[in-house]
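Enquirer: Below is a structure I'd like to ask you about.
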Amino acid sequence: MRGGEKHGVRWGTRDRAVGVELVEVEPRSGLKGSMADEKKLTTRAEDFSEWYNEIVLRSELADYAPVRGSMVIRPWGYGIWENMQRALDAMLKDTGHENAYFPLLIPMSFIEREKAHVEGFAPELAIVTHAGGKQLEEPYAIRPTSETIIYAMYAKWVQSYRDLPILMNQWANVMRWELRTRLFLRTTEFLWQEGHTAHATAAEAEAEALMILGVYRRFMEEWIAMPPFTGVKSDTERFAGAVKSHSCEALMQDNKALQAGTSHFLGQNFAKQFDLKFQSEAGQEEYAWNTSWGVSTRLVGGMVMSHGDDAGLVVPPKIAPIQAVIVPILGGEDEAPVRAKTEEVAARLKSAGVRVKVDARDHISAGAKYYEWERKGVPFRIEIGPKDLAKGSVALVRRVTPEGEKRKAFIPEAEAIATLPARLDAFQGELLEAARRRRDANTVRGVTSIDELAEALDGGAGFVFTGWSGDPAVEAEIKERTKATLRAIVDEEFRSPSAPAKCVSGKGASVAEVAWARAY
RNA sequence: CGGGGCGUAGCGCAGUCCGGUAGCGCACCUGCUUUGGGAGCAGGGGGUCCCCGGUUCGAAUCCGGGCGCCCCGACCA
0 MRGGEKHGVR WGTRDRAVGV ELVEVEPRSG LKGSMADEKK LTTRAEDFSE
50 WYNEIVLRSE LADYAPVRGS MVIRPWGYGI WENMQRALDA MLKDTGHENA
100 YFPLLIPMSF IEREKAHVEG FAPELAIVTH AGGKQLEEPY AIRPTSETII
150 YAMYAKWVQS YRDLPILMNQ WANVMRWELR TRLFLRTTEF LWQEGHTAHA
200 TAAEAEAEAL MILGVYRRFM EEWIAMPPFT GVKSDTERFA GAVKSHSCEA
250 LMQDNKALQA GTSHFLGQNF AKQFDLKFQS EAGQEEYAWN TSWGVSTRLV
300 GGMVMSHGDD AGLVVPPKIA PIQAVIVPIL GGEDEAPVRA KTEEVAARLK
350 SAGVRVKVDA RDHISAGAKY YEWERKGVPF RIEIGPKDLA KGSVALVRRV
400 TPEGEKRKAF IPEAEAIATL PARLDAFQGE LLEAARRRRD ANTVRGVTSI
450 DELAEALDGG AGFVFTGWSG DPAVEAEIKE RTKATLRAIV DEEFRSPSAP
500 AKCVSGKGAS VAEVAWARAY
């Protein structure tokens with residue numbers, strides 16, 4: 000039985016030209032062969048996508064669910080998301096926003112009201128046509144985003160400029176019927192936050208959109224250790240219904256860009272369609288100015304591709320559900336005191352503010368536990384065995400060994416406990432620094448022709464900065480030739496010391512410096 | 001939506017060409033010995049072979065139809 004039909008859900012239709020190209024595809028490699036092979040992960044160099052899939056599944060971040068393109072976020076993945084959520088939620092509240100919740104189902108007529116918006120989303124809508132055993136008079140869209148329902152409600156609540164601004168955020172799930180799906184990066188249903196604000200003036204709304212962009216950027220750097228470039232989207236890449244879209248663009252280890260967060264100035268586009276009006280101080284009736292902005296569970300995928308290595312995930316300490324795992328070395332007569340010591344060390348770390356777990360399972364060996372927790376990306380491991388008991392020491396291992404240090408350091412127990420919080424901070428900082436260096440080392444500047452751009456990308460470049468005339472035809476040509484898209488008109492901070500004079504196409508003067516990249 | 005691959009125990013696979021009692025490794029359970037980088041030995045449990053129909057004395061295997069997932073492409077947070 001097809002769930003879709005049974006429950007009266009149909010999908011939006013698409014009509015699009017399809018170019019066909021025959022591609023030889025390796026069968027899914029999977030894990031096979033001897034026991035050693037079976038436990039080995041595909042390396043990033045062998046096959047980056049396969050590495051990504053394996054890591055997500057085998058570190059238990061997520062698993063495929065029965066519905067095409069949908070996934071279960073497992074406790075390890077959800078714990079990371081919760082930590083991201085907690086941090087960002089606090090930042091949004093600090094900047095004056097309140098959380099609310101709007102419904103999942105949106106009348107189709109709402110979605111259809113804003114022209115660019117429908118055109119943008121129609122192909123990926125899932126639509127409820129039946130409920131209560133009957134066909135509905137008006138179908139409902141499962142929200143792909145909530146601008147329409149939210150501004151319709153704002154219109155009800157706003158009479159005068161005194162009711163503005165409205166600064167709301169919601170944490171919710173949304174659905175976009177994607178054809179090509181990828182765990183965390185593109186699933187039909189995903190979790191996100193979407194902020195929606197209404198203001199009395201354009202300037203105030205524009206400032207809001209820009210302020211949020213800064214919040215996102217800071218959040219990504221400080222918590223996920225994923226430093227993005229920021230900038231403004233071109234007309235072709237702009238959000239359906241927005242006047243101006245700001246974006247955070249991060250660089251993954253395969254040198255593809257990931258749009259990690261967007262913040263839109265919507266002008267009065269939605270206000271006019273939903274009659275979101277207010278009486279100004281001067282007594283005039285005016286349309287409000289809106290912004291919307293969001294980040295999603297895609298950030299978890301960004302974390303994986305920013306920091307993961309061939310042994311598994313590397314989770315930045317600030318968002319790691321477990322920051323240190325303690326593994327007792329069991330066996331023999333010393334078992335009881337060893338167990339007692341691990342519990343004692345755990346308790347002391349916990350009161351020092353460290354999220355810690357004792358892995359006391361006795362049916363698998365210590366070595367097996369090391370591999371498991373490394374695969375999951377836990378920042379630190381502490382081993383405590385009979386020899387440590389005698390010496391008052393512990394073995395401390397960081398998930399990524401710092402340059403010039405021994406992997407496993409036997410240090411006094413008291414020192415380990417006292418220094419762990421600082422070590423976590425240092426690790427967090429080093430991850431950010433490494434990611435920033437990687438981003439900058441893979442960014443090519445000063446490119447002045449499309450040939451040179453193509454060459455750079457084929458040579459493995461990540462972002463390529465060039466001048467641009469503002470002509471969308473140039474974007475089309477570059478996409479056709481190189482598969483790269485214009486990720487953003489880069490913000491001032493990231494621009495090259497001297498502005499490019501000419502457009503990369505060779506035709507016309509440059510009006511802005513832009514970043515190109517192949518993207519997720 | 002076009003192309004390709006795959007569906008057999010929880011996972012990875014063999015068996016399918018050439019029909020004849022459903023197998024292997026890992027995982028799991030029990031016991032003993034182990035435990036500082038993926039433990040060893042012994043014993044054991046587990047299957048609508050994706051689904052529906054057909055051919056046949058007999059179908060994982062042959063034929064027809066369907067479904068699902070993954071990968072690649074065009075569309076997208």
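Quick note on numbering that gives the first Met the number 0: the first sequence kicks off at 0 and runs consecutively. Each residue gets a CB set at the ideal place from its N, CA and C atoms; glycine is no exception.
(1) Taking just the CA atoms, how far does residue 494 sit from residue 477?
(2) Give the DSSP-derived three-state secondary structure of residue 26 in the structure shown.
(3) According to the neighbour-count rule (16 or more other Cβ atoms, all chains shown, within 10 Å of its Cβ), is residue 335 buried or exposed?
(4) Could you compute how far the alpha carbon of residue 432 sits from the alpha carbon of residue 331?
(5) Shortest alpha-carbon distance to residue 69 belongs to which of 187, 109, 83?
(6) Below 8 Å on the Cβ atoms is my guess for residue 225 versus residue 194; work out the distance and round it to an integer in Å.
(7) Keeping to the same chain, check which residues put their C-beta closer than 7 Å to that of residue 272; ignore five residues upstream and five downstream.
(8) By DSSP's criteria, residue 464 is part of a beta bridge. Which residues make up the other side?
(9) Which one of 261, 364, 354 has the shortest CA to CA distance from residue 378?
(10) What residue does the beta strand (DSSP E) around residue 264 start on, and which one ends it?
(11) Counting C-beta neighbours from all protein chains within 10 Å, is the total for residue 139 16 or more, i.e. buried, or is it exposed?
(12) Does DSSP put residue 101 in a helix, in a strand, or in coil?
(13) Go ahead and pull the three-state DSSP assignment for residue 355.
(14) Does DSSP put residue 362 in a helix, a strand or coil?
(15) Should residue 84 be labelled buried (16 or more other beta-carbon atoms within 10 Å of its own) or exposed?
(16) Going by beta-carbon coordinates alone, are residue 141 and residue 125 separated by less than 7 Å?
(17) Using CA atoms only, rank isn't needed, just tell me which of 381, 453, 479, 75 is closest to residue 327.
(18) Do you know how far the Cα of residue 178 is from the Cα of residue 416?
(19) Mapping the DSSP letters down to three states, classify residue 68 as helix, strand or coil.
(20) Report the residue from 483, 500, 462 whose alpha carbon sits nearest the alpha carbon of residue 468.
(21) Near residue 61, which residues of its chain fall below 7 Å by C-beta distance, leaving aside the five closest residues on each side in sequence?
(22) Just list the residues that DSSP pairs residue 397 with in beta bridges.
(23) Got a sec, what are the start and stop residues for the alpha helix (DSSP H) residue 435 sits in?
(24) Please list the terminal residues of the continuous alpha helix (DSSP H) segment that includes residue 155.
(25) By DSSP, does residue 228 sit in helix, in strand, or in coil?
(26) Using CA coordinates, which residue listed in 483, 304, 364 is at the minimum distance from residue 46?
(27) Excluding the 5 residues preceding and the 5 following residue 32 in the sequence, name in chain order all residues of the same chain whose CB lies nearer than 8 Å to its CB.
(28) To the nearest angstrom, report how far apart residue 200 and residue 232 are at their CA atoms.
(29) Within the same chain, show all residues whose beta-carbon is closer than 8 Å to that of residue 254, passing over the 5 residues directly before and after it, in chain order.
(30) Inspect the beta-carbon positions of residue 205 and residue 264 and report whether they are closer than 7 Å.
(31) With a 10 Å radius around its C-beta and 16 neighbouring C-beta atoms as the bar for buried, classify residue 82 as buried or exposed.
(32) What does the alpha-carbon distance come out to for the pair residue 16 and residue 479?
(33) Cα-Cα, which of 402, 191, 130 is closest to residue 299?
(34) Evaluate contact between the region 412 to 430 and the region 314 to 323, counting only Cβ atoms and requiring at least three cross-stretch pairs below 8 Å.
(35) Using the three-state DSSP reduction, which class does residue 174 fall into: helix, strand or coil?
(36) Measuring alpha carbon to alpha carbon, tell me which residue in 189, 214, 64 is nearest residue 93.
Expert: With the given structure in hand:
(1) Walking along the first sequence from the start, residue 477 turns up at place 478. Walking along the first sequence from the start, residue 494 turns up at place 495. Looking at the two C-alpha atoms, the distance is approximately 21 Å.
(2) Counting from 1 along the first sequence, the entry for residue 26 is found at position 27. Legend: pLDDT at residue 26 = 25, less than 50; position of this residue unreliable, value from coordinates given subsequently. Coil, per DSSP.
(3) Locating residue 335 in the first sequence gives position 336, where the first residue counts as 1. The residue in question, residue 335, is exposed, as its Cβ has fewer than 16 Cβ neighbours within 10 Å.
(4) Numbered from 1 along the first sequence, position 433 holds the residue referred to as residue 432. Numbered from 1 along the first sequence, position 332 holds the residue referred to as residue 331. Using only the alpha carbons, I get a separation of about 44 Å.
(5) Mapped onto the first sequence, residue 69 falls at position 70. Answer by Cα proximity: 187.
(6) Counting from one through the first sequence, the residue named residue 225 turns up at place 226. Counting from one through the first sequence, the residue named residue 194 turns up at place 195. Not quite, the Cβ-Cβ distance comes to about 20 Å (not below 8 Å), so this is no contact.
(7) For this step, residue 272 is matched to residue 273 along the first sequence. Closer than 7 Å at Cβ, skipping near neighbours: 112, 113.
(8) Here residue 464 refers to the residue found at position 465 when the first sequence is read from its first residue. Answer is 514.
(9) Locating residue 378 in the first sequence gives position 379, where the first residue counts as 1. It is 354 whose Cα lies nearest to the Cα of residue 378.
(10) Numbered from 1 along the first sequence, position 265 holds the residue referred to as residue 264. Run containing residue 264: 256 to 266, per the beta strand (DSSP E) assignment.
(11) Translated into the one-based positions of the first sequence, residue 139 becomes position 140. That one is buried.
(12) For the purposes of this step, residue 101 is identified with residue 102 of the first sequence, where counting begins at 1. Note: residue 101 maps to coil in three-state DSSP.
(13) Against the first sequence, residue 355 aligns to sequence position 356. Here residue 355 sits in strand by DSSP.
(14) Position 363 of the first sequence holds residue 362. If DSSP states are grouped into helix, strand and coil, residue 362 belongs with coil.
(15) The count along the first sequence starts at 1 and reaches residue 84 at position 85. Per the 10 Å Cβ criterion, buried.
(16) Stepping through the first sequence from its first residue, residue 141 is reached at position 142. Stepping through the first sequence from its first residue, residue 125 is reached at position 126. Contact flag set, yes.
(17) Taking the first residue of the first sequence as position 1, residue 327 is located at position 328. When each option's Cα is compared against that of residue 327, the closest is 381.
(18) Here residue 416 corresponds to residue number 417 of the first sequence, with the count starting at 1. Here residue 178 corresponds to residue number 179 of the first sequence, with the count starting at 1. The alpha-carbon atoms of residue 416 and residue 178 are separated by roughly 50 Å.
(19) Translated into the one-based positions of the first sequence, residue 68 becomes position 69. Reduced to three states, the DSSP call for residue 68 is coil.
(20) Translated into the one-based positions of the first sequence, residue 468 becomes position 469. Selected option, being the one with the closest Cα: 500.
(21) Position 62 of the first sequence holds residue 61. Around residue 61: 55, 70, 71, 72, 73, 76, 182, 183.
(22) Taking the first residue of the first sequence as 1, we reach residue 397 at position 398. Paired residues: 379.
(23) Taking the first residue of the first sequence as position 1, residue 435 is located at position 436. Here the alpha helix (DSSP H) through residue 435 covers 412 to 440.
(24) Sequence index remark: in the first sequence, residue 155 carries index 156 (1-based). Per DSSP, residue 155 belongs to the alpha helix (DSSP H) from 146 to 156.
(25) As a first step, residue 228 is located in the first sequence; it is residue number 229 there, counting from the start. Note: residue 228 maps to strand in three-state DSSP.
(26) Here residue 46 is taken as the residue at index 47 of the first sequence, counted from 1. Looking at the Cα atoms, 304 is the closest of the given residues.
(27) Your numbering for residue 32 matches position 33 in the first sequence. Confidence at residue 32 is low in this model, with a pLDDT of 30, below 50, so the placement of that residue should be treated as unreliable; the coordinate-derived value is given next. There are no such residues.
(28) As a first step, residue 200 must be located in the first sequence, where it is residue number 201. As a first step, residue 232 must be located in the first sequence, where it is residue number 233. The alpha-carbon atoms of residue 200 and residue 232 are separated by roughly 22 Å.
(29) For the purposes of this step, residue 254 is taken as residue 255 along the first sequence, with counting starting at 1. 441, 459, 460, 461, 516, 517, listed in sequence order.
(30) In the first sequence, residue 205 corresponds to position 206, counting from 1. In the first sequence, residue 264 corresponds to position 265, counting from 1. For residue 205 and residue 264, yes; Cβs fall inside 7 Å.
(31) Taking the first residue of the first sequence as 1, we reach residue 82 at position 83. With 16 or more Cβ atoms within 10 Å of its Cβ, residue 82 is classed as buried.
(32) Along the first sequence, read from residue 1 onward, the residue named residue 16 stands at position 17. Along the first sequence, read from residue 1 onward, the residue named residue 479 stands at position 480. Below a pLDDT of 50, predicted positions are generally treated as unreliable, and residue 16, at 23, falls in that range; no measurement from the model is reported.
(33) Stepping through the first sequence from its first residue, residue 299 is reached at position 300. With distances taken between Cα atoms, residue 299 lies closest to 191.
(34) yes
(35) Taking the first residue of the first sequence as 1, we reach residue 174 at position 175. It is a strand residue.
(36) Walking along the first sequence from the start, residue 93 turns up at place 94. For the residues 189, 214, 64, the minimum Cα distance to residue 93 belongs to 214.
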